[in-house]
Every structure is written in C-alpha cells, then in structure tokens.
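Asks: Following this message is one structure expressed as structure tokens.
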Amino acid sequence: MLLKKLELFGFKSFADKTYFEFGRGINGIVGPNGCGKSNVVDAFKWVLGEQSAKSLRGNEMLDVVFSGTNSRPSMGYAEASLTFLNDKDLLPVEYNEVCITRRLYAAGESEYLINKQPCRLKDIKELFLGTGVGGSCYSIMEQGKIESLLQVNAQERRFVFEEAAGISKYKAKKRETVLKLEKVEQNLLRVNDIVEEVQKQLRSIKLQAAKARKYNERVVRLKELRIKLSLKKYITFKDEREIAQEQIQQAEGRCQEALTIIEDLNGEKDSLQNSINELASSLEKCQINLASLAAKITGAHDRIGFNHNTIEDLNIQKDKHEKSIDILKNKIEYAERDISELNQDLEKIQKDLTEGNSSLSTKETALKQYVYEYDILEQQIEDNKKQVIDMLHRGSSLQNEVGSLSAERETIGNRRSKLLKRQEEISSELERIEYQRRSLTEQRDRVLSKIEGLELSLVGTNEQIKVLNSEIQTIGDSINDSRQLQGRKESRLETLEDLEKRFEGVSSGVQVVLEESGKDNGVISGVYGMVADLIKVDTTYVSAIETVLGDRAQIIVVNSIKDVIQASGFLKEQDKGYVKFLPLEDIRVEGGHAPIDLNIPGVVGRAVDLIKSEDRFKPLVEYILRDTIVVDDFDTALRISGERCGAKCIVTLNGEVVEPGGTILVGRGDMKLGLISRKSELESIKLELANILRVIETRLGEKEIKESEVVHLTQNADEFKRGIDAENSIKISQESNLQKEEFKNVELNDEQGVNESEIQEINEHIENINRREANLNSEIADLNDHRKVLEEQVVVLEGDRIHKESGKVNVQNEITELKVVLAQKEERNDNLIASIDKLKKELVENKEGLTAAYSEINNCREKTIVSENMITDLNNKLEELQSEKLALENEGVRLREKQDVCNGQLTEKIRQVDEYNEEYKNHEHAINDLRLKENEFKIKVIDLEERIRDDYQVELSQFAIEHNDEDDGSLDWDNVSREIDELKSKVDKMGSVNLEAIHEQTELEERETHLANQVEDLQTSEKDLNDIINKINVTSRELFETTFHEIRNHFLELFRKLFGGGRADIVLEEGVDILDAGIDIIAQPPGKDLKSIMLFSGGEKVMTTIALLFAIFQSKPSPFCLLDEVDAALDENNITRFIQILKEFASESQFVVITHSKQTMTIADVIYGVTMEEAGVSKKISVKFEEVEKQVA
1 MLLKKLELFG FKSFADKTYF EFGRGINGIV GPNGCGKSNV VDAFKWVLGE QSAKSLRGNE
61 MLDVVFSGTN SRPSMGYAEA SLTFLNDKDL LPVEYNEVCI TRRLYAAGES EYLINKQPCR
121 LKDIKELFLG TGVGGSCYSI MEQGKIESLL QVNAQERRFV FEEAAGISKY KAKKRETVLK
181 LEKVEQNLLR VNDIVEEVQK QLRSIKLQAA KARKYNERVV RLKELRIKLS LKKYITFKDE
241 REIAQEQIQQ AEGRCQEALT IIEDLNGEKD SLQNSINELA SSLEKCQINL ASLAAKITGA
301 HDRIGFNHNT IEDLNIQKDK HEKSIDILKN KIEYAERDIS ELNQDLEKIQ KDLTEGNSSL
361 STKETALKQY VYEYDILEQQ IEDNKKQVID MLHRGSSLQN EVGSLSAERE TIGNRRSKLL
421 KRQEEISSEL ERIEYQRRSL TEQRDRVLSK IEGLELSLVG TNEQIKVLNS EIQTIGDSIN
481 DSRQLQGRKE SRLETLEDLE KRFEGVSSGV QVVLEESGKD NGVISGVYGM VADLIKVDTT
541 YVSAIETVLG DRAQIIVVNS IKDVIQASGF LKEQDKGYVK FLPLEDIRVE GGHAPIDLNI
601 PGVVGRAVDL IKSEDRFKPL VEYILRDTIV VDDFDTALRI SGERCGAKCI VTLNGEVVEP
661 GGTILVGRGD MKLGLISRKS ELESIKLELA NILRVIETRL GEKEIKESEV VHLTQNADEF
721 KRGIDAENSI KISQESNLQK EEFKNVELND EQGVNESEIQ EINEHIENIN RREANLNSEI
781 ADLNDHRKVL EEQVVVLEGD RIHKESGKVN VQNEITELKV VLAQKEERND NLIASIDKLK
841 KELVENKEGL TAAYSEINNC REKTIVSENM ITDLNNKLEE LQSEKLALEN EGVRLREKQD
901 VCNGQLTEKI RQVDEYNEEY KNHEHAINDL RLKENEFKIK VIDLEERIRD DYQVELSQFA
961 IEHNDEDDGS LDWDNVSREI DELKSKVDKM GSVNLEAIHE QTELEERETH LANQVEDLQT
1021 SEKDLNDIIN KINVTSRELF ETTFHEIRNH FLELFRKLFG GGRADIVLEE GVDILDAGID
1081 IIAQPPGKDL KSIMLFSGGE KVMTTIALLF AIFQSKPSPF CLLDEVDAAL DENNITRFIQ
1141 ILKEFASESQ FVVITHSKQT MTIADVIYGV TMEEAGVSKK ISVKFEEVEK QVA
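Right under this line is the structure:
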C-alpha cells in the first residue's frame, strides 16, 4: 500500500488547487515559518476524520475554510483528498486505487467520499482500522506533540500499541458487539414486559368484547323501529305542507291586483315630479347666469385698473434703461483703451521668451554630454565594486567554513576527551558502587533536612508576594482613576476639535471661503484664516479679548485686495451671505497714538500686548485693538473712562466693555460658542492630557517595579518548589538505587564497548577535517590578492567620476537659473493674455447690454399703447353686461310662479298612493302567515331527515320511495313508541361500551403469538453475541501479547542505537487483564541515573519517543509515516543518528518529513517547498533529486 497524492483546495492557506505527489522512500516538505507547512499535516488528519477543531489549531471547524486576504475573497468550501495505491489489498475494498475526500462548506454542511461516492465518517474509520493510518495513530507524528506519548497516562498510551497489534479493529467490533448485546438484553427485557402487558390486556378485553356484542344487537333493533316511526311522521308532514302552499298561491293573486294600481299612480306622480325638477333646474341656471354676469362686470373693472398700473410701471422701466445706456458707453471706452496698452506689453514679453529658449537649448546639450560620461564611469565603478563584494562574500563564506571546521574539530575533540574521561569514570564508578550503597541512608537524611528548610523559605516568600500584590492593586486603582480622567478630557478634546472642523459658530459665508481656500485646486488663494485663527490668548484674558473683538474674530485675513476680489466672485456664485475681509498688505497703522498710562491701579495692560501672534500679523493685531486696554473690573473701567486715559475702548477681564464718551456693554454672554475661548480650551486640555500621561507613566513605572519584585519573588518561590520537587525526586531515587546497582554494573560494561567504537570514528573524522581546512586557506589567499587589484582600480575611477560630477552640477545650476527666469516671463505672458481676454469679453458684454437697453425702451413704448387700447374696449363691454343682467332677473320671477302650481298636483297623487299601499300590506301580511305555517312543516320534515341521517346514515326521502309498497298497517304505533323508549333505556344503562373490543381481542391474540416468537429469537441472538465476544477476546489477547513483546525487544535495541547505550523497557500494569492493562515506559540514557522520564531534557524525550515509535513501526509498519519537525529539538549528532534510522526504515515504509534541518533534507528523494509569495496564500514548489542527478549526469 502506497500514499500517492494529497490534493488541497480552499483548505486553510491553500486557496488554489494544490497537489502533493508522494513517491516511495522519503518525501521532504520545507519552507520558512508561517508559510503553511503544518497545514499539510492538518489536512492529513482532517481527511482521516479528525473532529476536534483545537487539534487542527482552530477555534471552530469552519476555520479550515480559506477566509480570504486583502486581494482574494474567501472560499465557499474547503476540500482535501488522499489517494492510496491499494496494491497489497490492505484496504478491504475492490479498488486498486482508493481516494478519500472530505469537504466542508461555509454554511456548515460536511461531506465524506470514497472514490467520489458519498459515505459516512464511520466507513472511512473502519476502512483504515488495523493499518496504523488515522488522524490520531502512530503514522502521524505532529510538531510539538512528539512528547505526548511519554506524557500521557498508562491507559491512554495503549492506543498506539493496540493499533500496531492490529486489534483496534477487533476492539471496534467488540464495542459494536457489546452495544448490540446490551440492546438485545434491553430488547429481551422490553419484550417480556410487553408479553406480560399483552396478556393482561387480553384478559380485560374479552369481557368488553362480550358486552359490545350485546350492545350491537339492541342498537340494531332500535334503529329499525325509529326509522319506521320517523317515516310515518315524514309522510304526514309533507301532506300538510302541500295544503299550505295552495293557500299561499290564492293570496298572492289578490296582492298582485293592488300592486298594479299602485304602479299606475306612481307613474303619474313621477311625471309631475319631473316637471317640478325641470322648473327648478331652469331657475338654478338663471341664477348661475346672473352670478356669472356679476363676476364678469367685476373682472372688467379690475382689468381696467391693472392696465392703468401697467402703464405707470412701463414708464419707470423706460427711465431706468435710459440711465444704464450712459453707464455702458463709459465702460466700453475704458475697456478699449486698456486692451491697447496690454497688447504692447505682450509683444515685449514674447520677444524675451524667444531669446531665453535658444540659450536654454544650448546648455541642455552640454549637460547631456556630462551625464553620458558620468554614467560610463559610474558603471565601471559599480562593476568593480560588485566583483570586490562577490570576492568578499566568497572569502567570508570560505572563512566561515574554516571556522565551522575548526569548531567541529574542537567539538568532536571535546567529545573524544569526554569519552576517554568517561571510560576512566566507568572504571572508577564500578569501584564506587559498594561505597555508594552504604552512604544512601545518610544522604536521604540530609535531603529530608533540606526539604524542611526549603518549605520554610517558601512560606516566607508567599507572604511577601501577598503584601506586594496589595500595593500593586492600590497603584492599579490610581492608574484607572487617571485613565478615566484622561478619557473624559479626550472626549472633551474630540468634541472641541469636531466643532473646529465643522466651523461651529462661524457664519456660512466664512465657512464656504475657508473650505474653498483649503482645497488644492480651489478658486480662492492667499487666505491666512480668520482673525481668531491667527492669534493666541491666555485663558485669563479670553473673555476680555473675545468680547472686544466680537464679530471681528470672523474677519478673514488675506494677502492682498486681489485675493478679496477672487473671493467676492466665489461668494456671489455660492450665495452664502456676507463676509468681511482684511488685506494684510493694505493695513496701515498710524505712527502715533494717544499715550496710555499702564501704571494706573487696576489696569492689566494694552490688549495688543496680551495677544500672541506671528510677527507678520503684528500690524493686524495693532490695527484691530490698537487703542484698547484691559482692566480688572467694571468699576476700574468706569473710573478710567472719565479721566481721559487715551484709550478708545476699555474692557474688563469679565468681558464688560466701556467706550469713553460712547456705549457701555455689561452682563455675561455665552462663552461656550466663542472661537477664541474654544481654541484656548483646546490648548489647555492638551496640556492637561500631557500632565495626566506623565502621571500615568510614573505610576506605571512604580507598578512595573512592584510587579518585577513579585515576579522575582515568584521565581524564588518556584525555585523553592522545584528544589523541593528535586529533593523529593532525589530521595525517591536514592531509595531505589540499592536495587539498581546490579543493573548499573551491566550497563556500564556495555557503554564501555560502545565508547571505544565511537572514539575510533572520531579520530578518522578529525583527519578529514584537517585536509579540508588546508584547501580552504589556500583558496582564501588567492581571493585576497585579486581583490586588492580591483580596489586600486576603483580609487582611480572614483577621482574621474568626481571631476565629471562637478562639471555636471555647474551646468545644471545655470540651466535651473535660466528656467526660473523663463518661467517668470511665461507667467507674465499668460497673465497679460488672460487680462486682454477678460477685457475683450467685458467689452462684448457691455455692447450687448447697450443694444438690449435700446430694445427694452422700444418694447416699453409698444406695451403702453396696447394697455391704453385695452382700457377703451373694456368700458364698451361693461355696458353690454349690465343690459343682460336685467333680462335674466325678469325670467326668474316667471319660473317661480309655474313651480308652485305643479307642487299642489303632486300632493294629491301621493295621498292616493298611500291608500292603495295600506291595502297591499294587508294582503302581504296574510301571505306571510301562510308561509310561516308551510315553513314549519318544512322544518319538521328536514329535522326528521337530519336526525335519521345523523343517527343511522339513512336518507328518509330515498327510504320512503324504496319502501312505499310495504304495509305497516298491522303495527301498533303506540307499542312501537314504548318499545323504542325501553331500548333507549337499556342502552343507556349499559354505560360506555368499547365497540373496538371485538377487533382488539383478535389483534391482541395475534400479537401474543408474534411476541412469543420474538422472545425465542432474542434469546438465540444473546447466546451468539456472547460467543463472538469471547472469540474476539481470545484473538485480541494473542495478537497484543505477541506484538507487545516484539515492540519491547525493538525498543531496547533502537534506544541503545539512538543513545549509544543505556537501558530501556516497556512494562504492563500488574494485576490487570492484558487487554485492559496500562503500559509504562522505563528509560535510562547512558551515564545517567535512572529517574522519571518527565525530568528528561527536550532532546532526550524526543529521542525516546522516536525510539518507541520506530519500534512500533518495526513490528507493524504503517503504509506511510508523517513526521512534522520531530528533529527540531535535536542537536547535530542526534539528527545524524535520527536520519540513519530513518533511512533504514525507508525501505519498508513511505515517509513524509516536514523539517528545517539541512541534514534531514539531504536524505529526501523528493522535496516540496511551501512558500507564501502572496500574503496569506500558500504555494507549492517541488524538486525530484533523481531527475536532477540524471540531468547532471
């Protein structure tokens, strides 16, 4: 059986479809850390049925699905497949090639397949039972879990031995058989209970069945009598109903005659009503026409007044357009003069540009020549330097190899010395064995005393740790308080910064200008910001400065008047309100100002002296707040204002303002919205946050010191614990040493022989190292000579390169200066062209405006004439409407008289209709009485039919037809009624009757017979299952015992081979059945006392586990073995022994080795590299050494 291929798609980091094809022998998988090598191991375990997400290094099973990267989306499912060559029929299937597939969808659904056919996880596990292949079998040795075989308890360690013995499939079958046996026993108990219950039910149901039969006889007789009596009543009720129907037909004829007369009278009444409605409609139309004429008369009056107003408006517009004509003529004259002057300047600039471009072309040609020569020299220098670096690298590599050889010679020399010394020690050790036995008792007493002292030290250390932890808790609470304050300050800072960002409190026009100026391609330039942005004020003076500035804080400071013009055009387009601008270039501060006495009590100082700003904005501050002083309070302000102090404005620290000889501002404003106060608060919070951070850092430092003391004390406590544990181990070891001395004597003799053989190998290896070192030193000397020659050439070329570089820089500077001049002239040229185009455009617009003004004047004159003609027409129409109104009023009077006559005739006809309606109602009442009587008989008939139908499912109407010829005259109907009552009474007295009892009796008798057969079958199955369990136990015991002894012998042999001696053994738990006994491992490396395996070093544990696993392999080879960085904890010598063992076993099994060790890589027949060229996505590359060797040959 051979592992052929692993196929991955969407599994963990393998996003793309990836194939690993494995050949016989050793297959290596290498790559840097984190590239996805261990994901290959996880894929093996996952396909073979691993159900623990933690074992697959995940939190949940969906973690195996590729989750995506920054450049790739996540996958919808993960799939992995393993293909085996079943050439030796180890797998119990008929296929020569078996492909096991597992698929997991992102939605959570999972699939298992064998050769692309759906199956169960149980089918896959059963397929590999007894082969050594499985997610947790010895065929997979995982990174970091190689030592787990030593660390688990004796019972858990049995699993690999059972798998090697091939009894895992027997144990699985035994578990299934035991479960079946338990189910059979449960079923047998259940069936016996059911049989007993059925017999009990059968006894009860026989009595119920007899009662049901008697009940059925009485019910049948009752049905027969009830149907006959109901049939007689049914015929009687039908005859009475037919008589009532004939009387109803006679009454309906009389009613129809009265209804005909009523319809004739209603026709005459409707005719009169229509006439009245027509007269009312005519009258309504007349009134509507009158209202319409009144509206038309009012509208004519309104239109006459509107036309008079229109004539006045047109005269005003004509005067306005005549004035605009004069203004446009002046603009046209000025524009033509400016265009002429700008054209002259443009011609001069263009001439200068032509001359400058010619000079630039000449200098650029000279620069190219310098660059070409410089590049050639640079390339020569780089080539020589590269050769020198390559030689240095080669020399360094050779020197490293020499150093490595020296270190290796020294290492193996030390090893030889140690071996020689060990040989002497072994001799002396054999002499000291007897002395050691006598001193064991004395040593044990000393150990007990030492343990007592360590325990006292441990108690004291724990008390100190408790005190320090309390202090750390106090400091931690202080830090938390500071961090909470920090959080509040940061929240306030974020709020203020958000207000600044959103220009809160700033007018919409200012916001628009500032936002546009902040854009890279904005139409507004030269903006420095608002006045509030350009000054800084201490918190003490914020209220005073903010109050005295007022709206001036939002003045936008620009560079020049040109920038104001740009912003003005933009604001008109945006229509966002007014904005104040202050051009910095145009600020003029008068040289002198009235002297202000700052020594007066209560005077804080001049406002300009209390404000901080850049030097270029000093004139701005002087301009706005030149004659403003700040005082302590309002009383001081009032006192100073009357003394002619020279200030034009006095402001207090609370924000009250006094203008001498002018207004006085008192009260308190809402400072939360102030721009300057907001900025000052921002600065203040930032300083407070810095102080808080310093306090937190200080406290954290104190906490770290305390924690480091705790860590130190904890380490001491751990040392005391380890010391106690070590002393206890020593005590146990000393107590057992008396029994081990004889075993130690045998082991030392074996070790002496192994050491002699290893010393001989070391001597041969040292001679090979010396020869290789001499060859390397010769090659290093040749490389140094050649390197010196190249370095001298580099120095000469470097001087030439510096000379060329100097010339190139001079020419570049000249070109740069010339380009700057040309760029300035180009800019001037573009500005002149733009100005000319702008003036020409304004000239065209002014001429078009002049033409439009003349056109508007003519239009106003024409509209005036039209309005005057319309007034004349409306006056004529008004006279006609008055005549029509008088005629309509006369027609309305005539229609009202005719309407009154028709109303009298209609009243008479209504009276006659009411009389005949009363007669009709009397006839209808008589018909209703007859219909009620007829309906009563109908209901009785229906009631009889429904009652018989519900009780006996018989239709009386059909029954009457079928039995019409039967003569029931001989029946005494009074006795029939009496017999019915008696039968009803008897049936009621029987109470509830189980009519199903007859059928149930038959079923229970059949079931009783069936259950008796089942009991017999279950008893037979129970006996068969017990026989199977006994056979499985016998077979399993024989296989396990044979395999255990084989593994035990192989383990001792491999342990000595890997460790160069020593003793090892595996033993079964005593007093327990061999099928349930735990397995303990005993191991003693050469030169060390027998002790607990848990006290071995990491390398010793790995080597012991490898010896055990390969011993299992030697007894029951698995078709393949996956080793995941098992050599990570081994040194070079141990790796050499490990790969030697690996090569020996490669002829029997197939190995897949994941490793970082170069020594291990050298023995691989095929190496797959796993890389991560794209972040988060693993990729496979491969090398087959057999093909490479053929190509080289």
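Going by full-length UniProt numbering, the residue at position 1035 of the sequence shown is 1035; the numbering climbs one at a time, nothing skipped.
For glycine and all other residues, C-beta sits at the position ideal for the given N, C-alpha and C.
Note that the structure is predicted; figures quoted are calculated from it, not measured.
Using a Cβ-Cβ cutoff of less than 6 Å, which residues in the same chain neighbour F959 once the five nearest sequence positions on both sides are dropped?
Replies: By one-based count along the sequence shown, residue 959 stands at place 959. Correct list: empty, nothing qualifies.
Asks: Could you check whether the region 233-241 touches the region 925-938, counting it as contact only if at least three pairs of C-beta atoms, one from each stretch, sit closer than 8 Å?
Replies: yes
Asks: Three or more C-beta pairs under 8 Å: does that hold for the region 824-844 against the region 377-391?
Replies: no
Asks: In three-state terms, what does DSSP make of L56?
Replies: Position 56 of the sequence shown, counted from the start, is the residue given in the question as residue 56. Correct three-state label for L56: coil.
Asks: Can you list, in chain order, the residues of its chain whose CB lies under 7 Å from that of A637, leaving out five sequence neighbours each side?
Replies: By 1-based counting over the sequence shown, the position of residue 637 is 637. Excluding residues within five positions, the ones whose Cβ falls inside 7 Å are V631, I650, T652, E656 and V658.
Asks: On the criterion of 16 or more Cβ atoms from any shown chain inside 10 Å, does L886 qualify as buried, or is it exposed?
Replies: As a position in the sequence shown, residue 886 is number 886, starting the count at 1. Burial call: exposed.
Asks: What did DSSP end up calling E659 once you bin it into helix, strand or coil?
Replies: Stepping through the sequence shown from its first residue, residue 659 is reached at position 659. Coil at E659, not helix or strand.
Asks: By DSSP, does I857 sit in helix, in strand, or in coil?
Replies: Translated into positions along the sequence shown, residue 857 becomes position 857. Residue state, collapsed to three classes: helix.
Asks: With H, G and I counted as helix, E and B as strand and the rest as coil, what does DSSP make of D670?
Replies: If you number the sequence shown from 1, residue 670 lands on position 670. With a pLDDT of 49 at D670, under the threshold of 50, the modelled position of that residue is not reliable, and the figure given next carries that caveat. D670 falls in the coil class under three-state DSSP.
Asks: Quick check: the Cα distance between R303 and L290, rounded to an integer number of angstroms?
Replies: For the purposes of this step, residue 303 is taken as residue 303 along the sequence shown, with counting starting at 1. For the purposes of this step, residue 290 is taken as residue 290 along the sequence shown, with counting starting at 1. Going from the Cα of R303 to the Cα of L290 covers about 20 Å.
Asks: Could you please give me the residues that DSSP links to L8 through a beta bridge?
Replies: Numbered from its first residue, the sequence shown carries residue 8 at position 8. Paired residues: T18 and A80.
Asks: Look at the Cβ atom of L468, then the Cβ atom of V710, and state whether they are nearer than 8 Å.
Replies: Along the sequence shown, one-based indexing puts residue 468 at 468. Along the sequence shown, one-based indexing puts residue 710 at 710. Closer than 8 Å, so yes.
Asks: What does the alpha-carbon distance come out to for the pair E1173 and P32?
Replies: The residue labelled residue 1173 in the question sits at position 1173 within the sequence shown. The residue labelled residue 32 in the question sits at position 32 within the sequence shown. The straight-line gap from Cα to Cα measures roughly 11 Å.
Asks: Going by CA-CA distance only, name the one from S835, A781, S271 and E1016 that's closest to C902.
Replies: Working through the sequence shown from its first residue, we reach residue 902 at position 902. Nearest of S835, A781, S271 and E1016 to C902, Cα basis: S271.
Asks: For P1085 and G753, I'd like the C-alpha separation in whole angstroms.
Replies: Counting from one through the sequence shown, the residue named residue 1085 turns up at place 1085. Counting from one through the sequence shown, the residue named residue 753 turns up at place 753. The alpha-carbon atoms of P1085 and G753 are separated by roughly 15 Å.
Asks: Grouping DSSP H, G and I as helix and E and B as strand, with all else coil, what is E1173?
Replies: The residue you call residue 1173 lines up with position 1173 of the sequence shown. Strand.
Asks: Spell out the partners DSSP gives L1122 in its beta bridges.
Replies: Stepping through the sequence shown from its first residue, residue 1122 is reached at position 1122. Beta-bridge pairing links L1122 to I140 and V1152.
Asks: Would you give the residue range spanned by the alpha helix (DSSP H) that C1055 belongs to?
Replies: Residue 1055 sits at position 1055 when you count from the first residue of the sequence shown. Checking the sequence, you will find Phe at residue 1055 rather than Cys. Its alpha helix (DSSP H) spans residues A997 to F1059.
Asks: Among V993, V30, I611 and N86, which has the Cα closest to the Cα of G1169?
Replies: Here residue 1169 is taken as the residue at index 1169 of the sequence shown, counted from 1. Closest by C-alpha distance to G1169, out of V993, V30, I611 and N86, is V30.
Asks: Give a yes or no on whether the C-beta atoms belonging to G509 and G577 are separated by under 8 Å.
Replies: To locate residue 509, count along the sequence shown from 1; it is residue 509. To locate residue 577, count along the sequence shown from 1; it is residue 577. Yes, Cβ-Cβ distance for G509 and G577 is below 8 Å.
Asks: If you draw a straight line from the C-alpha of E1000 to the C-alpha of I961, how long is it?
Replies: Stepping through the sequence shown from its first residue, residue 1000 is reached at position 1000. Stepping through the sequence shown from its first residue, residue 961 is reached at position 961. Near 39 Å, if we compare the C-alpha coordinates of I961 and E1000.
Asks: Rounded to whole angstroms, what is the Cα-Cα separation between N309 and E884?
Replies: As a position in the sequence shown, residue 309 is number 309, starting the count at 1. As a position in the sequence shown, residue 884 is number 884, starting the count at 1. If you take the alpha carbons of N309 and E884, they lie about 30 Å apart.
Asks: Expressed to the nearest angstrom, what Euclidean distance is found between the alpha-carbon atoms of L1122 and L3?
Replies: Within the sequence shown, numbered from 1, the residue matching residue 1122 stands at position 1122. Within the sequence shown, numbered from 1, the residue matching residue 3 stands at position 3. So the two alpha carbons sit approximately 11 Å from each other.
Asks: Check whether the region 890-905 and the region 276-287 touch, using three or more Cβ-Cβ pairs below 8 Å as the test.
Replies: Segment contact: the region 890-905 against the region 276-287, three or more CB-CB distances shorter than 8 Å; contact assigned.
Asks: If you reduce the DSSP assignment to three classes, tell me which class K536 lands in.
Replies: Sequence index remark: in the sequence shown, residue 536 carries index 536 (1-based). Reduced to three states, the DSSP call for K536 is strand.
Asks: Just tell me which of K1031, G1099, I759 and A997 has its CA closest to the CA of K421.
Replies: In the sequence shown, residue 421 corresponds to position 421, counting from 1. The residue with the shortest Cα to Cα distance from K421 is I759.
Asks: Work out the CA separation of F237 and A926 for me, nearest whole Å.
Replies: Position 926 of the sequence shown, counting from 1, holds the residue named residue 926. Position 237 of the sequence shown, counting from 1, holds the residue named residue 237. C-alpha separation (whole angstroms): 22 Å.
Asks: Under the rule that 16 or more other beta-carbon atoms within 10 Å means buried, what is L1142, buried or exposed?
Replies: The residue you call residue 1142 lines up with position 1142 of the sequence shown. By the neighbour-count rule (16 or more Cβ atoms within 10 Å), L1142 is buried.
Asks: Can you tell me whether M990 is helix, strand or coil according to DSSP?
Replies: Residue 990 sits at position 990 when you count from the first residue of the sequence shown. Reduced to three states, the DSSP call for M990 is coil.
Asks: From the DSSP output, read off the bridge partner residues of L3.
Replies: Translated into positions along the sequence shown, residue 3 becomes position 3. The partner list for L3 (beta bridge, DSSP) reads F84.
Asks: So, at 8 Å on beta carbons, what are the nonlocal neighbours of N343 in its own chain, with the 5 sequence-adjacent residues on each side left out?
Replies: By 1-based counting over the sequence shown, the position of residue 343 is 343. If we look at N343 and ignore the five residues flanking it on each side, its Cβ neighbours are I836.
Asks: M530 by DSSP, collapsed to three states: which one?
Replies: Walking along the sequence shown from the start, residue 530 turns up at place 530. The answer is strand: DSSP assigns M530 an E or B state.
Asks: Ignoring anything shorter than 4 residues, give me the alpha helix (DSSP H) runs that lie fully in the region 321-402, in order along the chain.
Replies: List check, alpha helix (DSSP H) in window: nothing returned.
Asks: My assumption, with CB atoms under 8 Å, is that L62 sits in contact with A106. Please give the rounded CB distance.
Replies: Start at 1 with the first residue of the sequence shown, and residue 62 comes out as number 62. Start at 1 with the first residue of the sequence shown, and residue 106 comes out as number 106. Between A106 and L62 the Cβ distance is about 7 Å, and since that is below 8 Å, they are a contact.
Asks: Compare the beta carbon distance of L1130 and G1176 with 8 Å and say whether it is the shorter of the two.
Replies: If you number the sequence shown from 1, residue 1130 lands on position 1130. If you number the sequence shown from 1, residue 1176 lands on position 1176. For L1130 and G1176, no; Cβs fall outside 8 Å.
Asks: At a cut of 8 Å, does the region 854-861 reach the region 312-332 through at least three beta carbon pairs?
Replies: yes
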